[in-house]
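Chemist: Counted from 1, the sequence shown has number 36 at position 36 by full-length UniProt numbering; the numbering is strictly sequential.
Glycine included, each C-beta is placed from N, C-alpha and C at the ideal position.
These numbers were taken from a predicted model, which means no experiment stands behind them.
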Amino acid sequence: MVRREKIAAAVKAAVDSDEEEDEHDEKNDAVWTKVEGVLAEYGLTPLGMAAAKKWVRLMGDPKNEELARIRQWLLMRVNGRTRAPPPTTWQAGCPEIFAGLRAKPVWDRADCPWVKPFEENFAAIRDELCALRAQRGFQPLKLPSWTSKKNTLPSPDGSGSVSHDSGNWNVFYLYLHEVQFPENISRCPVTVGLLKALGARSYTHAFFSALTPGTHILQHHGPTNKKLRIHLPLVGAAGSELRVADHILRGKEGECLIFDDSFEHEAWHKGDGTRIVLVFDVWHPDLTDKEVQFLSFLQRARMRAEMATEKALREARTQKAIDAGGVAPPEDAGDNFYLLLQEARDLLPDNSWWT
Numbered sequence: 001m002v003r004r005e006k007i008a009a010a011v012k013a014a015v016d017s018d019e020e021e022d023e024h025d026e027k028n029d030a031v032w033t034k035v036e037g038v039l040a041e042y043g044l045t046p047l048g049m050a051a052a053k054k055w056v057r058l059m060g061d062p063k064n065e066e067l068a069r070i071r072q073w074l075l076m077r078v079n080g081r082t083r084a085p086p087p088t089t090w091q092a093g094c095p096e097i098f099a100g101l102r103a104k105p106v107w108d109r110a111d112c113p114w115v116k117p118f119e120e121n122f123a124a125i126r127d128e129l130c131a132l133r134a135q136r137g138f139q140p141l142k143l144p145s146w147t148s149k150k151n152t153l154p155s156p157d158g159s160g161s162v163s164h165d166s167g168n169w170n171v172f173y174l175y176l177h178e179v180q181f182p183e184n185i186s187r188c189p190v191t192v193g194l195l196k197a198l199g200a201r202s203y204t205h206a207f208f209s210a211l212t213p214g215t216h217i218l219q220h221h222g223p224t225n226k227k228l229r230i231h232l233p234l235v236g237a238a239g240s241e242l243r244v245a246d247h248i249l250r251g252k253e254g255e256c257l258i259f260d261d262s263f264e265h266e267a268w269h270k271g272d273g274t275r276i277v278l279v280f281d282v283w284h285p286d287l288t289d290k291e292v293q294f295l296s297f298l299q300r301a302r303m304r305a306e307m308a309t310e311k312a313l314r315e316a317r318t319q320k321a322i323d324a325g326g327v328a329p330p331e332d333a334g335d336n337f338y339l340l341l342q343e344a345r346d347l348l349p350d351n352s353w354w355t
């Protein structure tokens, strides 16, 4: 009898163990479903999803401090929140807030040694810029029509939006959200070499930014606090002002200004000549190299997916018109980021705006 009771107890324990394991598996599956839902927002391919899951398993280890902020971010997203609370009211309008990063509107150059090579090569960078005056390549800075109406105005030509209410804001792109401008890059070997030397810490976003006299850029926020923005004034710095939160910065040619553009900011140029700065972004210094690697992976995936989606929509629209026996109507570049970029390249016939 005792032997039967022992057997029954063992069977019950085994059943209870299986039920607990099944319950654990169900919870585990539910969590992975939520994780996959978050990752799917980045348009990952099946191979990309498999790679991302490997990262998730690594960050699942609470002892892994190299991915601590990513773990916190993923837990937040899995629990249904889209962003962390902004650390300051000045960042309230920033679309993406990443927790655990120092929130300083302005950074000291001494704390950012990676700007030193740019300052040391200021003359060479300025020479490359000045050589562009005899060539085309600058274009008006334009944004898609769906961009926040609070901080933009309809473009005067009716296509897209602009974020300045006086003067002119023209740009010479080198890199824009992972999109490269090969012809422009070939004209600026020193500048591009310095950007490449930043390695994985580069946010792959860089351009020459030109404001004509009297230009005012409306107050706005950058897209995320995961990066810092650098301005290297090259020409026409006198009379230029940049407000970041409650700080007023006045540029000096050859000295970098470093700020967190997730903070509300705006700019004026009250000088007599065109003000041009080199603008580039770097990943926030508090992020570990591993965190940067994972975030860069997601960012590239999303950019590729968005470009592929826009291309597919354009092709489907054209094919639908052809199938109906007509001609595809002209596309509204104002709603298409990449088409807007392409269109804006031809809007400036010369550099007569550069005074």
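Can you tell me the Cα-Cα spacing of Gly-334 and Met-49, whole angstroms?
Modeler: Its pLDDT being 48, under 50, Gly-334 is placed unreliably in this model, and the coordinates cannot settle the point.
Chemist: Does DSSP put Leu-46 in a helix, in a strand, or in coil?
Modeler: Sequence check: residue 46 is Pro here, not Leu. Note: Pro-46 maps to helix in three-state DSSP.
Chemist: Between which two residues does the beta strand (DSSP E) holding Gln-219 run?
Modeler: Start and end: 216-220.
Chemist: Can you list, in chain order, the residues of its chain with a C-beta nearer than 7 Å to that of Leu-44? Leave out the 5 residues immediately preceding and following it.
Modeler: Ala-52 and Ala-301
Chemist: Pull up the DSSP beta-bridge partners for Leu-153, would you.
Modeler: Val-162
Chemist: Please report the straight-line C-alpha distance between Leu-295 and Leu-67, rounded to a whole angstrom.
Modeler: So the alpha carbons of these two residues sit roughly 11 Å apart.
Chemist: Going by beta-carbon coordinates alone, are residue 368 and Leu-228 separated by less than 8 Å?
Modeler: For residue 368 there is no data in the structure shown, the boundaries of the chain being 1 and 355.
Chemist: For Glu-310 and Thr-152, I'd like the C-alpha separation in whole angstroms.
Modeler: 23 Å
Chemist: Is DSSP giving Pro-140 helix, strand or coil here?
Modeler: Correct three-state label for Pro-140: strand.
Chemist: Alpha carbon to alpha carbon, how far is Pro-154 from Asp-323? Give it in angstroms, no decimals.
Modeler: 34 Å
Chemist: Which same chain residues, not among the five before or five after Glu-253, have their C-beta less than 6 Å away from its C-beta?
Modeler: Pro-233 and Ala-237
Chemist: Tell me whether the beta-carbon of Arg-77 lies closer than 8 Å to the beta-carbon of Val-38.
Modeler: Contact: yes.
Chemist: Here's the rule I'm using: 16 or more other beta-carbon atoms within 10 Å means buried, otherwise exposed. How should Ile-125 be labelled?
Modeler: Counting other Cβ atoms within 10 Å of its Cβ, Ile-125 reaches 16 or more and is therefore classed as buried.
Chemist: Pick from Pro-62, Leu-195 and Ala-99: whose alpha carbon is nearest that of Arg-81?
Modeler: Ala-99
Chemist: Compute the Euclidean distance between the alpha carbons of Gln-180 and Asn-351, then round it to the nearest angstrom.
Modeler: 22 Å
Chemist: Taking all protein chains shown into account, decide if residue 400 is buried (16 or more other Cβ within 10 angstroms of its Cβ) or exposed.
Modeler: Residue 400 is absent from the model: the chain starts at 1 and stops at 355.
Chemist: Please report how far the alpha carbon of His-231 lies from the alpha carbon of Lys-320, in whole angstroms.
Modeler: Looking at the two C-alpha atoms, the distance is approximately 46 Å.
Chemist: Does the beta-carbon distance from Leu-174 to Trp-114 come in below 8 Å?
Modeler: no
Chemist: Less than 8 Å between the beta carbons of Ser-161 and Leu-143, yes or no?
Modeler: yes
Chemist: Please go through the same chain and pick out, in chain order, the residues whose beta-carbon is closer than 7 Å to the beta-carbon of Phe-208, but skip the five residues on each side of it.
Modeler: Leu-129, Val-171, Phe-172, Ile-276 and Leu-278
Chemist: Between the Cα of Leu-74 and those of Arg-102, Thr-88 and Glu-36, spot the shortest distance and give me the residue it belongs to.
Modeler: Closest option to Leu-74, Cα to Cα, is Glu-36.
Chemist: Specify the secondary structure class of Pro-85 as computed by DSSP and reduced to three states.
Modeler: coil
Chemist: Can you give me the Cβ contacts of Ala-103 inside the same chain, cut-off strictly under 6 Å, excluding the 5 residues immediately before and after it?
Modeler: Correct list, in chain order: Pro-87 and Thr-88.
Chemist: Measuring alpha carbon to alpha carbon, tell me which of Tyr-203, Trp-353, Gln-139 and Asp-157 ends up nearest Leu-341.
Modeler: Gln-139
Chemist: CB-CB under 6 Å to Thr-355, same chain, minus the five flanking residues each way: which ones, in chain order?
Modeler: Gly-273 and Thr-274
Chemist: I'd like the span of the beta strand (DSSP E) that includes Glu-65, first residue to last.
Modeler: From DSSP, Glu-65 is part of no beta strand (DSSP E); its letter is neither H nor E.
Chemist: For Ser-240 and His-269, which I take to be in contact (beta-carbon distance under 8 Å), what is that distance rounded to the nearest angstrom?
Modeler: 5 Å
Chemist: Do you know how far the Cα of Lys-27 is from the Cα of Leu-195?
Modeler: 46 Å
Chemist: Per DSSP, what kind of secondary structure is Leu-348 in: helix, strand or coil?
Modeler: coil
Chemist: How many Å lie between Glu-119 and Thr-191 at the Cα?
Modeler: 11 Å
Chemist: Beta-carbon separation of Thr-224 and Glu-96 under 8 Å?
Modeler: Less than 8 Å separates the beta-carbon of Thr-224 from that of Glu-96.
Chemist: Look at Glu-262 and Cys-112 and say whether their C-beta atoms are less than 8 Å apart.
Modeler: Here the sequence assigns Ser to residue 262, which means Glu is not the residue at that position. Cβ atoms of Ser-262 and Cys-112: not closer than 8 Å.
Chemist: For Cys-256, which option in Pro-117, Thr-33, Leu-58 and Thr-215 has the closest C-alpha, if you only look at C-alpha atoms?
Modeler: Pro-117
Chemist: Taking a contact to mean a Cβ-Cβ separation below 8 Å, would you say residue 374 touches Met-307 in this structure?
Modeler: No information on residue 374 is available, as it lies outside the stretch 1 to 355 that the chain covers here.
Chemist: Mind checking Gln-135: buried by the 16 CB within 10 Å criterion, or exposed?
Modeler: exposed
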